[in-house]
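**Q** My questions will all concern the structure given below.
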Amino acid sequence: MSTPSSPFRWAVLGPGGIARRFASQLSSSQDGVLVAVGSSSPERASAFADEFPLDGPALVGDYAQVLASDQVDAVYISTVHTGHARLTAMALEAGKHVLCEKPLTPNSGTTMALIDLAARSGKVLLEAYMYRFHPQTVRVLELVTEGAIGDITHVDASFSFDTGARNGRLFDLDTAGGGILDVGCYPMSFARFVAGAVEGRAAIEPATITGSGTLGETGVDEWATAKLTFPTGMTASLRTGVRLADPQSATITGSRGVIRLSDPWGLGADTSIELDIVGEQPQRIEVPAAHAYALEADALAGAARGSGEVPELTGENSLGQARALDQWREQVGLRYPFEADDASIPTVTGRPLAAGSVQVGPAMTYGSIPGVDKQVSRLVMGCDNQMNLSHASAMFDAFVEIGGTTFDTAYIYGGGHIEKLFGQWVRNRGVREDVVVITKGAHTPHCDPASITRQLEESLERQGTDYADLYMMHRDNPEVPVGEFVDVMDEHLRAGRIRAYGGSNWTPERVDEANAYAKANGRAGFTILSNHFGLAEALDVPWKGCVHATDPQSKAWLEDRGIALLPWSSQARGFFTGRAHPEDRSDAELVRCYYSDDNFERLARAEELGRERAVPATAIALAYVLHQKFPTFALFGPRSIAEMRSSTLGLGVELSESELAWLDLRAPAR
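Shown next, in the form of structure tokens:
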């Protein structure tokens with residue numbers, strides 16, 4: 001690795017037009033030197049090296065050859081959009097820092113997986129929005145922060161041009177063509193940067209995005225507009241396209257005036273900021289010429305030698321940008337073929353999925369459930385937060401890589417869409433015999449034996465499998481004799497369509513009645529129960545028909561029966577995340593279900609113990625669930641890989657009997 005007194009050695013991967021801009025400006029960086037160029041075409045790589053002479057070791061080769069060199073500190077990736085993810089993953093795993101052209105990947109799911117890989121690699125990953133580092137942009141954001149034009153109310157930004165023809169990568173769905181990802185990302189990022197500056201942050205995400213546009217004959221967006229609203233109250237209007245020339249511009253409107261930029265993205269030799277404040281003479285702020293590509297190279301080099309992250313464009317910033325671009329494309333009806341619900345989406349590295357291959361944080365723990373001949377992970381991944389196959393693939397891959405085996409889905413989730421996504425991921429990875437699949441049906445109002453059979457068959461068809469490892473009736477229907485439920489579940493178990501069964505939101509009394517019927521009639525009984533359970537005692541339940549097991553009587557029953565509990569909402573819907581304060585009553589559901597003096601005392605004790613163990617209170621709450629005398633397998637529904645990793649911290653917390661009693665207020669304050 002280079003030191004501050006030695007050159008920072010760069011390689012270019014993908015020697016195209018934009019790479020030429022980077023290479024031509026790199027000599028203006030503080031200490032960056034170009035030492036290598038890699039391409040899938042030897043001729044292109046050699047031609048680039050001839051045009052931009054390389055410093056030693058002057059390596060010209062394919063991607064793998066360049067990445068294998070220990071004489072390369074960082075790579076600049078400028079292939080087509082769909083090539084970014086694989087090359088970035090290869091580079092990170094090869095120990096290289098990465099500056100990758102925007103967009104980092106075509107969608108937020110793949111972007112999330114890359115950002116996680118970068119964090120695990122310890123290398124810097126920077127999305128190449130070079131204009132963010134130019135003095136013009138820096139000064140504009142300073143003016144916003146300083147309140148030069150008062151309260152910011154609106155941003156208007158455009159980056160659109162007319163190619164004059166419909167050919168090449170911009171008009172190819174398979175290379176993620178169209179205007180939104182190629183140049184619409186500039187006005188989107190600008191609006192996010194401005195909204196962030198208002199709040200003293202690098203960027204924030206829009207609260208809403210409404211878009212429209214025109215899809216051309218090749219299927220890509222040739223013209224698109226978007227209206228944004230931000231939590232600050234600021235709005236934005238964005239325009240982009242590849243078959244309509246709209247002047248490149250950016251205007252920021254405030255309560256006291258306007259900031260105008262006539263060259264916000266290209267940043268030529270003559271850049272200036274027009275500042276017009278009510279009652280004052282218009283100002284023209286001249287900005288010194290600068291090499292934006294060199295400045296972003298310096299930003300990455302500085303982070304590589306220092307903090308490990310570029311504050312202006314963090315990984316979380318790039319992920320927020322990807323989510324916003326996803327929404328814009330969704331609004332205009334553009335989904336690429338490689339994102340389809342039945343697409344064969346590979347892992348981010350391109351290698352087969354390897355269970356337990358990533359050890360970040362505490363190791364996964366396992367238990368067993370009668371009837372299931374597989375290891376059941378103590379954490380169970382809820383599938384209902386997965387919006388599309390790209391996102392689901394990234395989440396499910398990450399869970400398996402930390403040792404997760406067990407997934408929870410249901411007939412009603414997403415109207416059946418979630419089961420289809422999950423089934424496609426299972427087929428793509430070839431892991432059906434390695435994972436434990438929980439399938440749920442019999443949700444109100446279709447909670448009867450006939451509906452169970454119909455829904456189970458549909459669920460198996462959606463998932464593309466012939467059995468469920470565990471089946472849970474999502475609700476009980478006390479108007480149906482319990483024996484009828486037992487009979488139909490026993491029938492499916494004997495037919496091999498399920499391996500074991502139980503109920504979600506069933507009372508202890510009805511479970512006892514069901515198992516008594518099963519024993520008396522030679523049927524298989526309940527082996528699992530999924531009710532609300534956690535450190536916080538439920539005062540009410542979030543949805544009608546739910547049942548909690550947080551009261552002392554239910555806990556005693558669970559200990560006596562030894563039935564495996566798969567608790568949902570073990571984190572009390574965010575009560576232990578820092579959201580809950582006695583004076584904050586903005587979340588009516590949280591207040592109704594959990595606000596009590598006893599629960600706030602439990603929260604305080606979890607926080608105290610968390611400080612002692614250097615983990616968040618959520619980890620203590622999860623550990624409480626996992627340390628019960630009866631078997632527990634906690635359901636959790638992370639919306640991102642980062643949330644998933646945070647949740648796993650509870651696996652590494654050991655709690656004694658006295659600590660469990662103290663947390664649950666069964667012992668006095670220490």
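Take the sequence shown: its position 330, counting from 1, is numbered 330 in UniProt numbering, and each next residue is one higher. Built from N, CA and C at the ideal position, the CB exists for glycine as well. Predicted model, so just to flag it, every value in this text is computed and none were measured.
#1: Do Leu565 and Pro631 come within 9 Å of each other at the CB atom, strictly closer than that value?
#2: Ignoring anything shorter than 4 residues, give me the alpha helix (DSSP H) runs that lie fully in the region 558 to 612, in order along the chain.
#3: Compute the distance between the beta-carbons of Leu267 and His474, then report whether it is under 9 Å.
#4: With Glu659 as the anchor, note down where its alpha helix (DSSP H) starts and where it stops.
#5: Alpha carbons only, please: which of Phe533, Val144 and Gly525 is nearest the one belonging to Val547?
#6: Go to Trp506, then tell me how far its beta strand (DSSP E) extends in each direction, as first and last residue.
#7: If you follow the alpha helix (DSSP H) that Ala64 is in, where does it begin and where does it stop?
#8: Scan the region 313 to 400 and note each continuous alpha helix (DSSP H) run of 4 residues or more that stays entirely inside, going in chain order.
#9: Where do the ends of the beta strand (DSSP E) carrying Glu636 lie?
#10: Assuming the contact rule is C-beta atoms closer than 8 Å, Val482 and Ala514 should be a hit. Round their C-beta distance to whole Å, please.
#11: By a C-beta neighbour count over all protein chains shown, 10 Å radius and 16 as the cutoff for buried, is Val66 buried or exposed?
#12: For the alpha helix (DSSP H) holding Ser647, just list the boundary residues, first then last.
#13: Going by the CB atoms, is the gap between Ile152 and Thr271 shorter than 9 Å?
#14: Determine whether the beta carbon atoms of Asp62 and Arg9 lie at a separation below 9 Å.
#15: DSSP three-state call for Ala113: helix, strand or coil?
#16: Would you mind reading off the limits of the beta strand (DSSP E) that contains Ser237?
#17: For the 8 Å Cβ check, are there 3 or more pairs between the region 336 to 347 and the region 386 to 393?
#18: Going by DSSP in three states, Ser78 sits in which element: helix, strand or coil?
#19: If you count every other CB in all the chains shown that lies within 10 Å of the CB of Arg579, and 16 or more means buried, which is it?
#20: Using DSSP with H/G/I as helix, E/B as strand and the rest coil, what is Phe161?
#21: By the 10 Å Cβ neighbour count, where 16 or more other Cβ atoms means buried, how is Asp221 classified, buried or exposed?
#22: For Trp425 and Ser459, which I take to be in contact (beta-carbon distance under 8 Å), what is that distance rounded to the nearest angstrom?
#23: For Gln25, does the count of other Cβ atoms within 10 angstroms reach 16, so buried, or fall short, so exposed?
#24: Would Ala157 and Pro187 qualify as a contact pair, given that the criterion is a beta-carbon distance under 9 Å?
#25: Going by alpha carbons, who is nearest to Ala94 out of Leu117, Asp263 and Arg592?
#26: In the DSSP assignment, the beta strand (DSSP E) including His97 goes from what residue to what residue?
#27: Check whether the Cβ atoms of Val348 and Arg86 sit closer than 9 Å, and answer yes or no.
#28: Below 9 Å between beta carbons: does that hold for Val511 and Ile563?
#29: Going straight from the alpha carbon of Ala64 to that of Ala11, what length do you get?
#30: Buried or exposed for Ser212, please, with buried defined as at least 16 other CB atoms from any protein chain shown within 10 angstroms of its CB.
#31: Between Tyr175 and Ala250, what straight-line distance do the alpha-carbon atoms span, to the nearest angstrom?
#32: Taking the Cβ atom as the reference point for each residue, do Ala236 and Ala191 lie within a distance shorter than 9 Å?
#33: At what residue ranges does the region 520 to 547 contain a whole run of the beta strand (DSSP E), taking only runs of 3 or more?
#34: Under 9 Å, do Arg166 and Arg239 count as touching if we go by C-beta distance?
#35: Between which two residues does the alpha helix (DSSP H) harbouring Trp425 extend?
#36: Would you kindly report the start and end of the unbroken beta strand (DSSP E) that includes Thr214?
**A** Concretely, from the data shown:
#1: On the sequence shown, position 631 is the one that residue 631 refers to. On the sequence shown, position 565 is the one that residue 565 refers to. Contact flag set, yes.
#2: 588 to 594
#3: Within the sequence shown, numbered from 1, the residue matching residue 267 stands at position 267. Within the sequence shown, numbered from 1, the residue matching residue 474 stands at position 474. Not in contact: Leu267 and His474 (Cβ atoms no closer than 9 Å).
#4: As a first step, residue 659 is located in the sequence shown; it is residue number 659 there, counting from the start. Run containing Glu659: Glu657 to Leu663, per the alpha helix (DSSP H) assignment.
#5: As a position in the sequence shown, residue 547 is number 547, starting the count at 1. Answer by Cα proximity: Phe533.
#6: As a first step, residue 506 is located in the sequence shown; it is residue number 506 there, counting from the start. First-last for Trp506: undefined, no H or E at that position.
#7: Taking the sequence shown and counting its residues from 1, one reaches residue 64 at position 64. Ala64 -> alpha helix (DSSP H) spans Tyr63 to Leu67.
#8: 315 to 332
#9: For the purposes of this step, residue 636 is identified with residue 636 of the sequence shown, where counting begins at 1. A quick correction: the sequence has Phe, not Glu, at residue 636. Its beta strand (DSSP E) spans residues Ala634 to Phe636.
#10: For the purposes of this step, residue 482 is taken as the residue at position 482 of the sequence shown. For the purposes of this step, residue 514 is taken as the residue at position 514 of the sequence shown. About 5 Å; that satisfies the 8 Å criterion.
#11: Taking the first residue of the sequence shown as 1, we reach residue 66 at position 66. Val66 comes out buried.
#12: Within the sequence shown, the letter at position 647 stands for residue 647. Residues Ile641 to Ser647.
#13: As a first step, residue 271 is located in the sequence shown; it is residue number 271 there, counting from the start. As a first step, residue 152 is located in the sequence shown; it is residue number 152 there, counting from the start. Result no, Cβ atoms of Thr271 and Ile152 do not sit closer than 9 Å.
#14: Residue 62 sits at position 62 when you count from the first residue of the sequence shown. Residue 9 sits at position 9 when you count from the first residue of the sequence shown. No, these two residues do not count as a Cβ contact at 9 Å.
#15: Counted from its first residue, the sequence shown places residue 113 at position 113. Correct three-state label for Ala113: helix.
#16: Within the sequence shown, residue 237 is the residue found at index 237, counting from 1. Per DSSP, Ser237 belongs to the beta strand (DSSP E) from Thr235 to Gly241.
#17: yes
#18: For the purposes of this step, residue 78 is taken as the residue at position 78 of the sequence shown. The answer is coil: DSSP assigns Ser78 none of H, G, I, E or B.
#19: The count along the sequence shown starts at 1 and reaches residue 579 at position 579. Result: exposed.
#20: Counting from one through the sequence shown, the residue named residue 161 turns up at place 161. Three-state result, Phe161: strand.
#21: The residue you call residue 221 lines up with position 221 of the sequence shown. Buried: at least 16 other Cβ atoms inside 10 Å.
#22: If you number the sequence shown from 1, residue 425 lands on position 425. If you number the sequence shown from 1, residue 459 lands on position 459. About 15 Å separates the two Cβ atoms, so there is no contact after all.
#23: Sequence index remark: in the sequence shown, residue 25 carries index 25 (1-based). The residue in question, Gln25, is buried, as its Cβ has 16 or more Cβ neighbours within 10 Å.
#24: Locating residue 157 in the sequence shown gives position 157, where the first residue counts as 1. Locating residue 187 in the sequence shown gives position 187, where the first residue counts as 1. The answer is yes: Cβ separation under 9 Å.
#25: On the sequence shown, residue 94 is found 94 positions in, with the first residue counted as 1. Here the closest residue by C-alpha is Leu117.
#26: Position 97 of the sequence shown, counted from the start, is the residue given in the question as residue 97. Run containing His97: His97 to Glu101, per the beta strand (DSSP E) assignment.
#27: Looking up residue 348 in the sequence shown gives position 348. Looking up residue 86 in the sequence shown gives position 86. In this structure, Arg86 lies closer than 9 Å to Val348 by Cβ.
#28: Within the sequence shown, the letter at position 511 stands for residue 511. Within the sequence shown, the letter at position 563 stands for residue 563. Yes, Cβ-Cβ distance for Val511 and Ile563 is below 9 Å.
#29: In the sequence shown, counting from the first residue as 1, residue 64 sits at position 64. In the sequence shown, counting from the first residue as 1, residue 11 sits at position 11. Roughly 12 Å between the two C-alpha positions.
#30: On the sequence shown, position 212 is the one that residue 212 refers to. With fewer than 16 other Cβ atoms within 10 Å, it is exposed.
#31: On the sequence shown, residue 175 is found 175 positions in, with the first residue counted as 1. On the sequence shown, residue 250 is found 250 positions in, with the first residue counted as 1. Just to set this straight, residue 175 is Thr in the shown sequence, not Tyr. One C-alpha to the other measures close to 28 Å.
#32: Start at 1 with the first residue of the sequence shown, and residue 236 comes out as number 236. Start at 1 with the first residue of the sequence shown, and residue 191 comes out as number 191. Contact flag set, yes.
#33: 528 to 530
#34: Taking the first residue of the sequence shown as 1, we reach residue 166 at position 166. Taking the first residue of the sequence shown as 1, we reach residue 239 at position 239. Cβ distance not < 9 Å, so Arg166 and Arg239 don't count as in contact.
#35: To locate residue 425, count along the sequence shown from 1; it is residue 425. Note, Trp425: alpha helix (DSSP H), His417 to Arg429.
#36: Residue numbering aside, residue 214 sits at position 214 when the sequence shown is read from its first letter. It spans Thr208 to Leu215 - the beta strand (DSSP E) in which Thr214 sits, taken as one unbroken run.
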